[in-house]
Every structure is written in structure tokens, then in C-alpha cells.
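When the letters of the sequence shown are read in order and numbered with the working numbering, they come out as residues 68 to 434.
Structure first, commentary second.
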Amino acid sequence: MKNKPLPLIASLAALPLLILAASSLLRPVPSGRAQASVCTRPFVPVATPLNDLGANEYLRGGTAPTGFTGGLYPSGSNTRPSAHEAAGVALAQQITPLDAAGNPDPNGKIVMISVGMSNAFMEFRSFKNLAEADPDTNPNLILINGAQPGQVAQYWTDPNAPTWITVTQRLSDAGLTPQQVQIAWVKEVRTGDGSFPGKAEQLQADLEAIAQNLLINYPNVKLAYLSSRTRSYVVNEPALSPEPAAYESGFAVKWLIEKQINGAGLNYNPANGPVTAPYLSWGPYLWIDGLNPRSDGLIWEAADMVGDCTHPSDQGEAKAAAQLFHFFQQDTTTYPWFTASGVPPFSYTYLPVILEPIAQNQQNRNN
Numbered sequence: 068m069k070n071k072p073l074p075l076i077a078s079l080a081a082l083p084l085l086i087l088a089a090s091s092l093l094r095p096v097p098s099g100r101a102q103a104s105v106c107t108r109p110f111v112p113v114a115t116p117l118n119d120l121g122a123n124e125y126l127r128g129g130t131a132p133t134g135f136t137g138g139l140y141p142s143g144s145n146t147r148p149s150a151h152e153a154a155g156v157a158l159a160q161q162i163t164p165l166d167a168a169g170n171p172d173p174n175g176k177i178v179m180i181s182v183g184m185s186n187a188f189m190e191f192r193s194f195k196n197l198a199e200a201d202p203d204t205n206p207n208l209i210l211i212n213g214a215q216p217g218q219v220a221q222y223w224t225d226p227n228a229p230t231w232i233t234v235t236q237r238l239s240d241a242g243l244t245p246q247q248v249q250i251a252w253v254k255e256v257r258t259g260d261g262s263f264p265g266k267a268e269q270l271q272a273d274l275e276a277i278a279q280n281l282l283i284n285y286p287n288v289k290l291a292y293l294s295s296r297t298r299s300y301v302v303n304e305p306a307l308s309p310e311p312a313a314y315e316s317g318f319a320v321k322w323l324i325e326k327q328i329n330g331a332g333l334n335y336n337p338a339n340g341p342v343t344a345p346y347l348s349w350g351p352y353l354w355i356d357g358l359n360p361r362s363d364g365l366i367w368e369a370a371d372m373v374g375d376c377t378h379p380s381d382q383g384e385a386k387a388a389a390q391l392f393h394f395f396q397q398d399t400t401t402y403p404w405f406t407a408s409g410v411p412p413f414s415y416t417y418l419p420v421i422l423e424p425i426a427q428n429q430q431n432r433n434n
């Protein structure tokens, strides 16, 4: 018997439990290399997460007006506008197994790739392990980790860049073709600090090019989900991805999706003209203001990062992976193709099955 889905409120209430259990169970198998020391910097508040900021204005540094409000979607909302929601649900119903030539085939595959840098690579590999261990993950779904350490946003803006060639090679190594890719998860950043909104606007432009390049390289891609950075504990100092720039990368994702919603380019609907990008939506919003609990109860501790206070530790990697897993099981535009049952499977009785221990090989954390 299939598990009856919980109401959304109950499901979200269980998310911290899911992440806590995943953090303790999703441990890499020792590979002869000890994990780098964890972050020891003190917690310094940065900002209110976009999903909690709502229609309120973002004050940079807590005091400087920016003129920009929060919410993941327009008007301070965290839910997709009704028309965009309906379009995403309809596209989700079109996801079907494809053969090597991209034709529907019940014996074919549904391929989802990741695009991003080192943090995305680490988080997606643990998400992949969670999904592959779960009995209700669609058996036709194949997850390919295309994210690459050190390959930040600007290295993906050329459709012929080595980054894309590497993704296609990873598909080939798995016996798959570009024509079978239908879904992508994208998490990118521009390194260093910078002004606001200037740096976020640069990242938005990069993400727009990445969205278009997805369609160029993978002609059957329909859905792309974006996440912004997790929190850094490096604040107002030169670093790979310090605060508040890491937080502000969320605005780049927000503005990109709003651009598609408002019809200014990035068309995904052939009825509206040439298709130039897949349908865009937020994936899980991963940024948490450190020890200040987010509205869902989650926190991001120093121990969630390695010594550079930027890359996730094993614990942080598991936290991010659990949020990815929860999102793709629960979202209305994902569960029809992500789950074998075609319904959101999460429930309290199902939790121990989701969180069975997973073995994975630890890999070097490169930037």
C-alpha cells in the first residue's frame, strides 16, 4: 500500500528531523584521507533568509537600504504564481523515459544532471546516494553529477566550454546521451565579494546563459531547478564566497526566475514562440543565517563547514542533500517523475526507510 502523503505543513515540520537524521547517517566511508578541520569562526548574523524576508526590504549590513525585497517569487511570495505553477505541473506530466535518440520508450531513461561548482558537486553526490537508496525513487531516473570543483558561473556561459564537454562525457560514461536529459539542478556563484546589486546582476546574467546553454546542449531538457549558496562564516573579508555576497546570490536566482515569469525572454513554451530555455523554478533554498533558526527550524553551524568556512563538511553536505531530497520528493513539479509511486511519499512512518545508512567514498574537497 502506498503511503498517504502528509499535509504540506506536517511534511515541512518533519524536515528538521529528516535533516538531523541524514546528518548522522549519511557518513562517507573513510578513504585514507581525513576530512579537513571544521570551521571555527564565530557566528556573526548576516541577513534574514529570502524565504523569511517576504515583502520586507533587504537592509545590507542590517542598516543600509537596498530597495529590494525578499520572497523567492514575485511580491514577497514563496510560492510560484498560479500560471507558472500550472505550467510546471503540466511539464512534469510530460517527463517520460526516453531512448538514446530522445524518443519516448518505456524501457528508456529519465536523466537529471547537476551543474555547478564544488559545493554543488558535494551536495549532489550525497543527494544522489539518498535517492538511489530509497525504494520509492523512480527506477527509470538516472542522476548524473555534472557539477565540477572550481567551475564557477563564468565557466559555463559558453555552450562549448570544457565544463559542458565534461558533463556530456559523464553522460557517455554512464551509457547515456544528451537527448535523454530532461531535468537539471543548477547551483552557481561568482567568487569573491562585491557590490550589491552589481555582483548579483552579473551572476543573474551568467545563470541566464547557463539556462540557455542547457537547451543548446540537451535539446529535450524541460525543467531546471536553481539553488543559491549555503551560508559562509566569512563575513566582510576577502574569501572565495564571503558574506553578504553568498546571501545575495539568492537575488540572482530570484531575478532570473522572475524574468521568465514576466515573459521577458527565456521562453519555455513553444506556443509563445521559439523556445530558448527550460522552465525555471527554485529548487530548495539552502541559505540559513547561521545559528538564527530559519522559519522551518533549521540552523547552519560552523561545524557544517570545513576549515575555510565556505565548503560543506560531511555534516553540512548531508544537511544540504537532505533538503534536496525532500524537495524533489515533495514539489508538485517533481514528484510525478521523481517518485516511483507518482505521489509525495514522505511520512513519519516512512522516515526510517528514507534514512537507511548510506556508504559513499569521500572525495577531495577542491575549489
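Think of the CB as a built atom: it goes at the ideal place given N, C-alpha and C, for glycine as much as any other residue.
*Spatial neighbours of L282 within its chain, please: CB distance less than 8 Å, with the 5 preceding and 5 following residues excluded, ordered by chain position.*
Mapped onto the sequence shown, residue 282 falls at position 215. Taken in chain order, the residues that qualify are V288, V342, T343, A344, P345.
*Closest Cα partner of P226 within the set A276, N205, P311*: Along the sequence shown, read from residue 1 onward, the residue named residue 226 stands at position 159. The residue with the shortest Cα to Cα distance from P226 is A276.
*For the putative contact between T133 and L126, defined by C-beta atoms under 8 Å, what is the C-beta separation to the nearest angstrom?*
For the purposes of this step, residue 133 is taken as residue 66 along the sequence shown, with counting starting at 1. For the purposes of this step, residue 126 is taken as residue 59 along the sequence shown, with counting starting at 1. At roughly 7 Å, the Cβ-Cβ gap stays under 8 Å, so T133 and L126 are in contact.
*Alpha carbon to alpha carbon, how far is W223 from I232? Give it in angstroms, no decimals.*
On the sequence shown, position 165 is the one that residue 232 refers to. On the sequence shown, position 156 is the one that residue 223 refers to. One C-alpha to the other measures close to 10 Å.
*Between S181 and N207, which are expected to be in contact by the criterion C-beta below 8 Å, what is the C-beta distance as a whole number of angstroms?*
Taking the first residue of the sequence shown as position 1, residue 181 is located at position 114. Taking the first residue of the sequence shown as position 1, residue 207 is located at position 140. Not confirmed; about 18 Å, so no contact.
*With respect to the alpha helix (DSSP H) encompassing T230, which residues constitute its N-terminal and C-terminal limits?*
By one-based count along the sequence shown, residue 230 stands at place 163. Looking at the DSSP string, the run of the alpha helix (DSSP H) that includes T230 is 229-240.
*Could you give the distance in angstroms between the alpha-carbon of A319 and the alpha-carbon of N336?*
Numbered from 1 along the sequence shown, position 252 holds the residue referred to as residue 319. Numbered from 1 along the sequence shown, position 269 holds the residue referred to as residue 336. Rounded to whole angstroms, A319 to N336 spans 23 Å at the Cα level.
*Extent of the continuous beta strand (DSSP E) to which L290 belongs*: Looking up residue 290 in the sequence shown gives position 223. 290-294 is the span of the beta strand (DSSP E), which, as asked, contains L290.
*Taking buried to mean at least 16 other C-beta atoms within 10 Å of its own C-beta, is L307 buried or exposed?*
Within the sequence shown, the letter at position 240 stands for residue 307. Answer is buried; the Cβ neighbour count reaches 16.
*Out of S380, G374, Q390, V373, state which residue places its alpha-carbon closest to the alpha-carbon of G364.*
As a working note, residue 364 is residue 297 in the sequence shown. Measuring from the Cα of G364, the nearest candidate turns out to be Q390.
*asked:* Taking the alpha helix (DSSP H) that A385 belongs to, which residues open and close that run?
replied: As a first step, residue 385 must be located in the sequence shown, where it is residue number 318. Its alpha helix (DSSP H) spans residues 381-397.
*Any idea what DSSP makes of W349, helix, strand or coil?*
Stepping through the sequence shown from its first residue, residue 349 is reached at position 282. W349: strand per DSSP, three-state reduction.
_Own chain, CB closer than 7 Å to A114, minus 5 neighbours either side, in chain order_ = For the purposes of this step, residue 114 is identified with residue 47 of the sequence shown, where counting begins at 1. Answer for A114: Y125, P311, Y314, D356, listed in chain order.
*Going along the chain, which residues of its own chain have a beta-carbon closer than 8 Å to the beta-carbon of L274, five neighbours each way excluded?*
Sequence index remark: in the sequence shown, residue 274 carries index 207 (1-based). Shown here for L274: same chain residues with a beta carbon closer than 8 Å to its own, the five before and five after excluded, namely A220, V253, E255, L293, A319, V320, L323 in chain order.
*Flag this pair as touching only if the stretch 397-416 and the stretch 193-208 have three or more C-beta atom pairs under 8 Å; answer yes or no.*
The stretch 397-416 and the stretch 193-208 touch, with no fewer than 3 CB-CB distances between them shorter than 8 Å.
*asked:* DSSP three-state label for E304, please.
replied: Numbered from 1 along the sequence shown, position 237 holds the residue referred to as residue 304. Here DSSP, grouped into helix, strand and coil, assigns E304 to coil.
_Does Y125 come out as helix, strand or coil in the three-state DSSP assignment?_
As a working note, residue 125 is residue 58 in the sequence shown. Three-state DSSP puts Y125 in a strand.
*asked:* With a threshold of 8 Å on Cβ separation, who are the neighbours of P164 within its own chain once the five nearest residues in sequence on each side are excluded?
replied: Here residue 164 refers to the residue found at position 97 of the sequence shown. The beta carbon of P164 sits closer than 8 Å to those of P171, D172, P173, N174, G175, K176, I177, N207, all from its chain and outside the five residues before and after it, given in chain order.
*asked:* Quick test of your reading: P286 and S299, contact by CB under 8 Å. State the CB separation rounded to the nearest angstrom.
replied: On the sequence shown, residue 286 is found 219 positions in, with the first residue counted as 1. On the sequence shown, residue 299 is found 232 positions in, with the first residue counted as 1. The pair is not a contact, with the Cβ atoms about 36 Å apart (cut-off 8 Å).
*Which residue from D398, R361, D375, T399 puts its Cα closest to that of N186?*
To locate residue 186, count along the sequence shown from 1; it is residue 119. Checked all of D398, R361, D375, T399; the closest Cα to N186 is D375.
*Between the Cα of L120 and those of A150, V248, S142, A251, spot the shortest distance and give me the residue it belongs to.*
One-based indexing of the sequence shown puts residue 120 at position 53. If we check each option's Cα against that of L120, S142 comes out closest.
*Per DSSP, E310 forms a beta bridge with which residues?*
Counted from its first residue, the sequence shown places residue 310 at position 243. DSSP, once it has assigned bridges, lists V302 as partnering E310.
*When DSSP labels each residue in this structure, what does N334 get in the three-state scheme?*
Within the sequence shown, residue 334 is the residue found at index 267, counting from 1. DSSP, reduced to helix, strand and coil, places N334 outside both helices and strands of the structure shown, so it counts as coil.
*asked:* I'd like to know if the stretch 259-268 and the stretch 193-200 are in contact, where contact means that at least 3 CB-CB pairs between them fall below 8 Å.
replied: Segments in contact, no.
*Residue(s) in a DSSP beta bridge with M179*: Against the sequence shown, residue 179 aligns to sequence position 112. Note: M179 sits in a beta bridge opposite L210, I250.
*asked:* Just to confirm the assignment, what range does the alpha helix (DSSP H) spanning P132 have?
replied: Working through the sequence shown from its first residue, we reach residue 132 at position 65. Segment 131-136 is the beta strand (DSSP E) holding P132; no alpha helix (DSSP H) there.
*Backbone CA spacing between I328 and N334 [nearest angstrom]*: Taking the sequence shown and counting its residues from 1, one reaches residue 328 at position 261. Taking the sequence shown and counting its residues from 1, one reaches residue 334 at position 267. So the alpha carbons of these two residues sit roughly 9 Å apart.
*asked:* So if DSSP puts V373 in a beta bridge, which residue, or which two residues, is it bridged to?
replied: Taking the sequence shown and counting its residues from 1, the one referred to as residue 373 is at position 306. Note: V373 sits in a beta bridge opposite V105.
*According to the neighbour-count rule (16 or more other Cβ atoms, all chains shown, within 10 Å of its Cβ), is V234 buried or exposed?*
Taking the sequence shown and counting its residues from 1, the one referred to as residue 234 is at position 167. That one is buried.
*Got a sec? Which residues, its chain only, sit under 6 Å from E325 by beta carbon, not counting five neighbours each side?*
As a working mapping, residue 325 is identified with position 258 in the sequence shown. For E325, where only same-chain residues beyond five positions count, the Cβ hits under 6 Å are P141.
*How far does the alpha helix (DSSP H) with E25 in it reach, from first residue to last?*
No answer is possible for residue 25: the residues shown for the chain start at 68 and end at 434.
*asked:* Using only CA atoms, which one of G332, A168, I250, T230 lies nearest to G402?
replied: Position 335 of the sequence shown, counted from the first residue, corresponds to residue 402. It is worth fixing the name first, because residue 402 is Tyr in this sequence and not Gly. Residue I250 is the option with its Cα nearest to Y402.
_Euclidean distance between Cα positions of G383 and R108_ = Along the sequence shown, read from residue 1 onward, the residue named residue 383 stands at position 316. Along the sequence shown, read from residue 1 onward, the residue named residue 108 stands at position 41. Cα to Cα, the separation comes out at about 15 Å.
*Thinking T230 and L238 are a contact (beta carbons under 8 Å), I'd like their distance in whole angstroms, please.*
By 1-based counting over the sequence shown, the position of residue 230 is 163. By 1-based counting over the sequence shown, the position of residue 238 is 171. Actually they are not in contact, since the Cβ atoms of T230 and L238 sit about 13 Å apart, beyond 8 Å.
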